[in-house]
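Asker: Numbering (my numbering), first residue to last: 35 to 334.
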Amino acid sequence: MKLFISLFTLLASMHVNAVLPQEEAAPSIKLDWFWHNEYGQEQLVNAQFTREQLKQGLQQQHRINFTLTSPVRALHGYIGPRLMHVLDSINAVSPSDATKFVSIEHAFSVRDASPESTLFWQAYYQYQDDAFNFLAVNPCYSQELEQGPCIRPNYSQVFYHSRGTFNALAQQLKSRESEATSIQNVQNWVLSIPDSNERLDSFSPPMAVLLENAADSDERAILLATLISQIAPKYHMFLVYPATSQGSVSPAWLTIEARSGATGTPVIIDNHQHTLLSGSSAQLKEMMQSNTPMISEPLY
């Protein structure tokens, strides 16, 4: 990807010491909730997370939020030191008459067919991909570079990172009646979490949603998908959102294959019928009627 090159070069030329914020070790914690199950009975649901699980969940939140707020700084903090090592290595092994890179910005200004330039650009693209993976983000589908690069959370990566941690919680919401009833239990429980304001520059993964007891549309959808995947793992789920969304996407909807038996508004994705699990069906219908370009991102 090339969209970050110019801003990355600018920041490198300013010699900014860009690093990710330090995270403190988190203690273990147990959370309890009362809710009414499918039989109308009050039930205690609890989730207990180890110190390591909390640490990993909160570190992921800090990385995503820092990147949403300062995308160039976050990428430079990861890529910069690695590229400097690459430059030193290229300069050390290249012939005496070859171009010797004196800085990262110098390497960016040279783009030709020489082995030295080719090696540099190969390393840059590899480290950029590595940075996106480490920070758990992706570029937005719609980029307006004059306003700076746009980053969004990598929803699928956040989903897979959280799945195993929430298995014990999901099993407490599982019904003996059917998978469809289990899905409805999870919906009822997750949808009871209070709403939070939609924020373009911050995102709470499932762990943080439970700690904060608040969620906006994409945060709620990811927590919902994380739990449902543990009790009804046979069905594909999609996160749906406008292609023009910026940052932490809002609004967002979660869908599941209709064959799951889940109840809700029907939605067609890739010529297959799905069921809407979260988000306003009226708002989704309004966007589709206005021909708003939509993204259907597979989670599972």
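The beta carbon of each residue, even a glycine, is placed where N, CA and C say it ideally should be.
These numbers come from a predicted model, not from an experiment.
Three or more C-beta pairs closer than 8 Å, one from the segment 289 to 297 and one from the segment 235 to 252: is that the case here?
Answerer: The segment 289 to 297 vs the segment 235 to 252: no contact.
Asker: Keeping to the same chain, check which residues put their C-beta closer than 6 Å to that of Gln191; ignore five residues upstream and five downstream.
Answerer: Correct list, in chain order: Ala170.
Asker: Let me know if Thr260 comes out buried or exposed under the rule of 16 or more other beta-carbons within 10 Å of its beta-carbon.
Answerer: It counts as buried.
Asker: On the DSSP bridge assignment, give the partners of Asn80 in chain order.
Answerer: Looking at the DSSP assignment, Asn80 forms a beta bridge with Asp66.
Asker: Would the segment 90 to 103 count as touching the segment 145 to 164 if we require 3 or more Cβ pairs under 8 Å?
Answerer: No, the segment 90 to 103 is not in contact with the segment 145 to 164.
Asker: Taking the alpha-carbon positions, what's the Val79 to Glu72 distance?
Answerer: About 14 Å.
Asker: Report yes or no: is there a C-beta of chain C within less than 8 Å of the C-beta of Gly74?
Answerer: No chain C appears in the structure shown, which is made up of a single protein chain.
Asker: Hey, Phe272 and Pro187 are a contact pair by Cβ (cut 8 Å); roughly how many whole angstroms apart?
Answerer: That belief does not hold up - the Cβ atoms of Phe272 and Pro187 are roughly 16 Å apart, past 8 Å.
Asker: Does DSSP put Ile303 in a helix, a strand or coil?
Answerer: Strand, per DSSP.
Asker: For His110, is the classification buried or exposed, using 16 other Cβ atoms within 10 angstroms of its Cβ as the cut-off for buried?
Answerer: With 16 or more other Cβ atoms within 10 Å, it is buried.
Asker: Going by DSSP in three states, Ala266 sits in which element: helix, strand or coil?
Answerer: In the structure shown, Ala266 sits in coil (DSSP, three-state: anything other than H, G, I, E or B).
Asker: Cα separation between Ser104 and Ser209?
Answerer: The alpha-carbon atoms of Ser104 and Ser209 are separated by roughly 44 Å.
Asker: Within 10 angstroms of the Cβ of Leu257, are there 16 or more other Cβ atoms? Answer buried if so, exposed if not.
Answerer: Leu257 is buried by the Cβ-count criterion.
Asker: How would you write the range of the beta strand (DSSP E) that Ile290 sits in, first residue to last?
Answerer: Residues 287 to 291.
Asker: Bridge partners for Ile329 per DSSP, in chain order?
Answerer: Answer is Tyr275, bridged to Ile329.
Asker: Return the residue from the list Thr199, Ile262, His119 that minimises the CA-CA distance to Arg85.
Answerer: When each option's Cα is compared against that of Arg85, the closest is Thr199.
Asker: Please go through the same chain and pick out, in chain order, the residues whose beta-carbon is closer than 7 Å to the beta-carbon of Ala141, but skip the five residues on each side of it.
Answerer: Excluding sequence neighbours, Ala141 sits near Leu121, Phe135, Phe154.
Asker: Assign Ile113 to one of two classes, buried (16 or more other C-beta atoms within 10 Å of its C-beta) or exposed (fewer than that).
Answerer: The residue is buried, with at least 16 neighbouring Cβ atoms inside 10 Å.
Asker: Mind checking Gly74: buried by the 16 CB within 10 Å criterion, or exposed?
Answerer: Gly74 is exposed by the Cβ-count criterion.
Asker: Is Met241 buried or exposed, if buried means 16 or more other CB atoms sit within 10 Å of its CB?
Answerer: Classification for Met241: buried.
Asker: For the candidate residues Ile217, Thr309, Ser236, whose alpha-carbon lies nearest to that of His96?
Answerer: Nearest C-alpha to His96: Ser236.
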